[in-house]
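Structure first, then comments.
Number of protein chains: 2
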Amino acid sequence: MKLLRSRFWAALLVASAMTLSAPTLQADEGMWLYTAPPLKQLKEKYNFVPDAKWLEHLQKSSVRFNSGGSGSFVSANGLVMTNHHVGADDLQKLSTKEKDYLKDGFEAKESKDELKCKALELNVLMAIQDVTAEVNAAVKADMGPAVAFKARQQVIAGLEKGVADEAKGVRADVVTLFSGGAYHLYTFKKYTDIRLVFAPEKQIAFFGGDADNFEYPRFDLDMCFFRVYENDKPIVCEHFLKWSAAGSAAEELIFVSGHPGRTNRQNTVAELKYLRDTGYPYLLQRLNRLEVLLNSWAERSEGNRQKAEEELFGIQNSRKARIGGLQGLLDPKVMARKQAEEDRLKKFMAAAADSRAPHPEFDVIAAGEKKRAAMIKDITMLENGGGFNSQLFGIARTLLRYSDEMKKGDTDRLPEFGPARLASLKFQLFSDEPIHDDFEILKLADSLSTFATHFGADHELVKKVLAGKSPRERAFDLVSGTKVKDPEFRKKHFEAKTAPEDDAMIAVAKIIDEPSRAIRKRFETEVDEPKRQAASALAKARFALDGTNSYPDATFTLRLSYGTVKGFKEDGKDVPAFTTMVGLYDRSKEQGNKGPFELPKRWVEKKANLDLKTPFNFVSTADIIGGNSGSPVVNKKGEVVGLIFDGNIQSLVLDFVYEGEISRAVSVDSRAIIESLRKVYDAGWLADELQGKAK
Amino acid sequence: MKLLRSRFWAALLVASAMTLSAPTLQADEGMWLYTAPPLKQLKEKYNFVPDAKWLEHLQKSSVRFNSGGSGSFVSANGLVMTNHHVGADDLQKLSTKEKDYLKDGFEAKESKDELKCKALELNVLMAIQDVTAEVNAAVKADMGPAVAFKARQQVIAGLEKGVADEAKGVRADVVTLFSGGAYHLYTFKKYTDIRLVFAPEKQIAFFGGDADNFEYPRFDLDMCFFRVYENDKPIVCEHFLKWSAAGSAAEELIFVSGHPGRTNRQNTVAELKYLRDTGYPYLLQRLNRLEVLLNSWAERSEGNRQKAEEELFGIQNSRKARIGGLQGLLDPKVMARKQAEEDRLKKFMAAAADSRAPHPEFDVIAAGEKKRAAMIKDITMLENGGGFNSQLFGIARTLLRYSDEMKKGDTDRLPEFGPARLASLKFQLFSDEPIHDDFEILKLADSLSTFATHFGADHELVKKVLAGKSPRERAFDLVSGTKVKDPEFRKKHFEAKTAPEDDAMIAVAKIIDEPSRAIRKRFETEVDEPKRQAASALAKARFALDGTNSYPDATFTLRLSYGTVKGFKEDGKDVPAFTTMVGLYDRSKEQGNKGPFELPKRWVEKKANLDLKTPFNFVSTADIIGGNSGSPVVNKKGEVVGLIFDGNIQSLVLDFVYEGEISRAVSVDSRAIIESLRKVYDAGWLADELQGKAK
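Same order as they appear, the protein sequences are chains A and B.
Counting in this note's numbering, the first sequence runs from 26 upward without gaps.
Counting in this note's numbering, the second sequence runs from 26 upward without gaps.
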């Protein structure tokens, strides 16, 4: 059935001469493929038409950080610009006990001082080939789903193998776009010798911390520079971005070239309503609870704070992101637009349909979302461990299930115990990452309380889990009564493929294992699978309708966005597009120069040197999302005017829908980069390199 | 029906010679009436029997702070000891722009320096008379509920009037005990000229702030001293508590004499299960959400922090209290005890019942709790304003309802608009307390989101309320579009008894008014009233069963508790009963002497003077609850050994049930009071007065 529908829409695609309304794109909407850039939109709104050379130059100056971000070449000598928070992982790995580069920053004045990163891979997209026909040709109409899946994987693997060349550093990926509406073969130049050149202090890169995260106005110097080497020498770049002499101005057209990670703009209205009415509120409830729990515990001692800090930041970041997304979903104007888009697709599908082929995809998805809403709390509590928020529990359950699953054949196991996964499972399981009993008890007691509340404390399962104790007492007993904290103990049982009977934590994992597996199976068969098939059919219909007049959901591959440098209105007040350096000092002062608002020493000492009118951060209407961090912002001449590092809270709706009134991408201004390099860091040599001045 | 049942149990009470098991009191349980002290328990467990003189002395040395706490006379010259947090309100009222006594403390070395409090009333209980027979005699069998209610009020008013004497400062209250099982006429000596004598800094009184609130070990000097005057002279006390020379020791018997405010120990199991499975979890969800909202907003600027601080502290305090209570309710051992108590009462009632009089009270209450669970979210969102968390909304609704209600007769109105309430309504409505637009928008936007989530964003009512906007936009429109912020505007409409049609906030209040009134009415008639009648019948049965072998739920009247100075176990570790002064300095140091752990200047400077082994705080098994703050802790000789100021987190279950294993009352040690007065505050004169040394 899946195949048949797929072929049906493929046929439509070829003969798509139907008269239907044009896609309802918003001004400045889109994360466009370089093979189908928004030429019409740019011409109409901005009277600007980039030519092929312009596009190729920007494409080949763009860099993908495989650790999860974007960057760009900004000098002929392989200098790469990205965000401090994109480089943070490498800054941490390069730090020593004596030198904390993440916190204090780094500068290599000469080539010999540049530090080689431990496992960083950068990719540059060199060529794109449409292989949709080849991939589709390999899948025959009479194949069952499993055979079709394998056939598709085989042709893709063949296409990739034909181009990839490890010796030459050529990587090839077939990218699935429009949920299978199109397949493109991407060829990348791959670099693995990446060296750290410069980073400022974390305090200025993340100025304002969680309090100002996703907010605007902002004052962050979220930048970091690396250099790409081959054969122990900096590469010579054919394509790199020049620095704009003037920087950007309000109302100016700008472009963003980067790697948006994932969007859900093809979600149906039923899926969005599930998220709006059930998914997000429930997740927020859990995040709020955890934030309060961890925050109040962290405040009780410095030791607690260190143990909880990282997890707490992650919770706060998610909480802010979800609140922003939920505001968008609760905006009737947003939902009306999604409804209109869906109606247009439905009309198209109805017109294309014959009486023997009804198209129940929307209903299938809506029914799936209803089941999901009914099951989400059970599955969260049981299979997703929401009722057992403890690393030790996670380990105990893994050991228990591993011992059960290894008795089965390779293909009968739960996928996470499949042959291909065992190496990484072992790697995780044998890790000697420290686990803190007190922190474990705190989280486990709290989650056991939610578990009891969810099912009702009189539920048989709850009684078995609590074993006559209060959640707090039980958490203590479980954490004290398990040996899975010891990596040697884990190794022993992993190798023996056994799970000890007398371990308290393993025993509790056993209590919930049957209902947990049952709800997971129901979820997979009643929600996931029907939805996956329906979504794929819809994606193909959408592609048949709009083809390359549209853009696919984000896939962490290179995209081109565009927009205007522009402030926005919040609570009736104008928020200007630009902040300046004086604003940084004002903000710090108004916060008593404390906590996340404390300025690094150098910024205090060098204040008098600075032109305080220098623009610091700015916002634009460009269409971005997570993964775009570190993307260059360029003007019509293709010159760097900024560096993407965040979105405002209103932009968090971009996951589902583009909105250009109040959603904004937040960038570091190119002028702040130069001003601070020259006057705070005495790194004129780097500013010179960026500005193309001779050494 | 109510009357009939009431008489039935009254009859039983007289002839209660039934053989049933004794009340299942726990060791050290009880907030006992002075007219029915736990002599048997004290004799059995401690081999100590206080005589009438001992009891009278402790009773008449005890003081009620009508602002909501307890205290005691501690010198012949009318010196009264209580907590800093009990005196805080008066410390604040006595402060000036120049002198912040709440923050910095206060000392009056001489009588003339003592500051007279603005509106503080203290009461000392002088006599107790059982008037149950008189009250019951006034209520005849054939009276309907309303007539019976009035008749009871009349006889009570008459009894009070017969004893009260304004000129002599004698106050009389008939206190309803055991939900009407007994009526006692309490005669108080009333004092209204109360002067501030001494208070330490808030930083040492509340050392540890919210982080350590309800926790143990603790290091708080939560004390404050007043003096009682009559005719402009300190009174001469016949009864006051002497200071113990040695202080207390672990395992020693101690007594607490104070005014517990309210307990719910007569709740049925169904009521407790409602709280456990629905009420507390739902409230905690809302508290968590608000705490995260206010906390993250407060962190964005100092101005925000000031606006949100007070509300945030209240939320955190409630959150901690509920988490503690919920842990208790989720403890199967606690619930098993409540079930056993209930079974015992059921057995008694079944044995006493005749076939024509079934006793469905437990079922009535259980049915009421089911309805309550089904209605609680609707009523919270609508009538309790959970969906409209905004002062401006509250004012707008009051103006709207006032204009509607004033068209009705006195007795037809909602009670809050009854003739007796109009004065205080006006007082509140005309207040010019500042209201901050940004804070209002923050809270309203958040609560409108919860409102939309609760009913579902597609619900007609939600659509009307949001009017096509996102919650954030709508909140801004409502706050900007109302004039009710202006007290003059309110006055005008209050006097004209009108509600303007063109005010955005009043308009939104109007949109929800009909469904809000409807759910309130359903709640009152289907939950409140049936439960009230059933609970009253159960209370009388309970009294018939146990009479004065038990103690009534707390009523903010004088009670005697007792217990042992004793540590407890937490996570398998022993928490010792006493902390010492060295622990204070250690805790401050380990927290970097920051925030709530920052020591006052004097404590830093005078450290060398102190005997750091001096006990600071201690815990005991005494049965206390909110209202007991400031209660003296005395030994067998009736000498002061401590000053109650808190309970540990485990004690929060005491609202429902006494628990002596891990629940603890927390006191300031009498030795820390003397040591700090002499060596930190150079207030040897006050220490001398406490220790009864001649001046």
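For each residue, glycine too, the CB sits at the ideal point set by N, CA and C.
All figures in this text were calculated on a predicted structure; none of them were measured in a lab.
{"Query": "Please confirm if VAL359/B has its CB atom under 9 Å from at least one CB of chain A.", "Result": "yes"}
{"Query": "Measure the beta-carbon distance from PHE244/A to ALA133/A and round it to whole angstroms, keeping in mind my assumption that it falls under 8 Å.", "Result": "Contact flag wrong, Cβ pair sits at about 26 Å."}
{"Query": "Just reading off the beta strand (DSSP E) that LEU585/A is part of, what are its end residues?", "Result": "584–589"}
{"Query": "Whose Cβ in chain B lies nearer than 8 Å to the Cβ of GLY536/A?", "Result": "Gly is not the amino acid found at residue 536/A; the sequence shown has Ile there. The premise fails here: ILE536/A is roughly 16 Å from chain B at the closest Cβ pair, so nothing lies under 8 Å."}
{"Query": "Alpha carbon to alpha carbon, how far is LYS186/B from ASP155/B?", "Result": "16 Å"}
{"Query": "Assign MET43/A to one of three DSSP states: helix, strand, or coil.", "Result": "Because the pLDDT at MET43/A is just 35, under 50, the model does not fix this residue reliably, and the value given afterwards should be weighed accordingly. Correct three-state label for MET43/A: coil."}
{"Query": "DSSP three-state call for MET106/A: helix, strand or coil?", "Result": "strand"}
{"Query": "Does chain A have any CB closer than 9 Å to the CB of GLY491/B?", "Result": "Correcting the residue type first, residue 491/B is Leu in the shown sequence and not Gly. So, interface residue."}
{"Query": "Compute the Euclidean distance between the alpha carbons of SER449/A and ASP596/A, then round it to the nearest angstrom.", "Result": "49 Å"}
{"Query": "Quick check on the DSSP output: the beta strand (DSSP E) that includes HIS209/B runs from which residue to which?", "Result": "207–216"}
{"Query": "Residues of the stretch 495–507 of chain A in Cβ contact with chain B at a cutoff of 7 Å, in chain order, please.", "Result": "SER495, PRO496, ARG497, PHE501 and SER505"}
{"Query": "How long is the line joining the alpha carbons of PHE98/A and PRO259/A, rounded to whole angstroms?", "Result": "12 Å"}
{"Query": "Below 6 Å CB to CB, which residues in the same chain sit around ALA36/B once its five sequence neighbours on both sides are set aside?", "Result": "For ALA36/B, the predicted structure reports a pLDDT of 33, less than 50, and the residue's modelled location is therefore unreliable. The matter cannot be settled from this model."}
{"Query": "Using a C-beta to C-beta distance shorter than 7 Å, which residues of chain A count as neighbours of THR478/B?", "Result": "ASP302 and PRO306"}
{"Query": "VAL111/B and PHE90/B look like a contact to me (Cβ under 8 Å); what is the Cβ gap, rounded to whole Å?", "Result": "6 Å"}
{"Query": "Leaving out the 5 sequence neighbours to the left and right, which residues in its chain are closer than 6 Å to ASP462/B when beta-carbon positions are compared?", "Result": "VAL504"}
{"Query": "Nearest chain B C-beta to SER343/A closer than 9 Å, yes or no?", "Result": "no"}
{"Query": "Could you tell me whether the Cβ atoms of ASN653/A and ILE279/A are closer together than 9 Å?", "Result": "no"}
{"Query": "At a CB distance below 8 Å, what residues from the stretch 161–193 of chain A approach chain B? Give them in sequence order.", "Result": "none"}
{"Query": "In whole angstroms, what is the alpha-carbon distance linking ASN634/A and ARG689/A?", "Result": "31 Å"}
{"Query": "Any residues in the stretch 580–612 of chain A with a beta carbon nearer than 7 Å to a beta carbon of chain B? Which ones, in chain order?", "Result": "ASP596 and GLY597"}
{"Query": "Look at the alpha carbon of ASN292/A and the alpha carbon of ILE401/A, and state the distance between them as a whole number of angstroms.", "Result": "18 Å"}
{"Query": "Under the rule that 16 or more other beta-carbon atoms within 10 Å means buried, what is VAL39/A, buried or exposed?", "Result": "Below a pLDDT of 50, predicted positions are generally treated as unreliable, and VAL39/A, at 32, falls in that range; no measurement from the model is reported."}
{"Query": "State the DSSP-derived secondary structure class of ILE466/A, mapped to helix, strand or coil.", "Result": "helix"}
{"Query": "Going by DSSP in three states, LYS598/B sits in which element: helix, strand or coil?", "Result": "strand"}
{"Query": "Tell me the rounded alpha-carbon separation between ALA421/B and THR405/B.", "Result": "18 Å"}
{"Query": "In chain order, what residues of the same chain lie with their CB nearer than 7 Å to the CB of ARG381/B, ignoring the 5 residues before and after it?", "Result": "The predicted model places ARG381/B with a pLDDT of 47, which falls under 50 and marks its position as unreliable; any figure quoted below should be read in that light. Excluding residues within five positions, none has a Cβ falling inside 7 Å."}
{"Query": "I think ILE466/B touches LYS510/B, with their Cβ atoms under 8 Å apart; what is that distance to the nearest whole Å?", "Result": "No, ILE466/B and LYS510/B are not in contact; Cβ-Cβ is about 12 Å, not under 8 Å."}
{"Query": "Under 7 Å Cβ-Cβ, which residues of chain A neighbour VAL317/B?", "Result": "ASN313, GLU316, VAL317 and ARG344"}
{"Query": "For ALA391/A, would you say it is in contact with chain B, using Cβ-to-Cβ distances shorter than 9 Å as the test?", "Result": "no"}
{"Query": "Tell me the DSSP secondary structure of VAL74/A in three-state form.", "Result": "coil"}
{"Query": "Buried or exposed: GLU700/A, going by 16 or more other Cβ atoms within 10 Å of its Cβ?", "Result": "buried"}
{"Query": "For the stretch 431–450 of chain A against the stretch 468–477 of chain A, do three or more pairs of beta-carbon atoms, one drawn from each stretch, fall closer than 8 Å, so that the two count as touching?", "Result": "no"}
{"Query": "Under 9 Å between C-beta atoms, does SER380/A make it to chain B?", "Result": "With a pLDDT of 49 at SER380/A, under the threshold of 50, the predicted position of this residue should be treated as unreliable, and no value is reported."}
{"Query": "Using 9 Å as the limit for Cβ to Cβ distance, is GLN310/A near chain B?", "Result": "yes"}
{"Query": "Out of LYS517/B, GLY353/B and ALA470/B, state which residue places its alpha-carbon closest to the alpha-carbon of TYR427/B.", "Result": "LYS517/B"}
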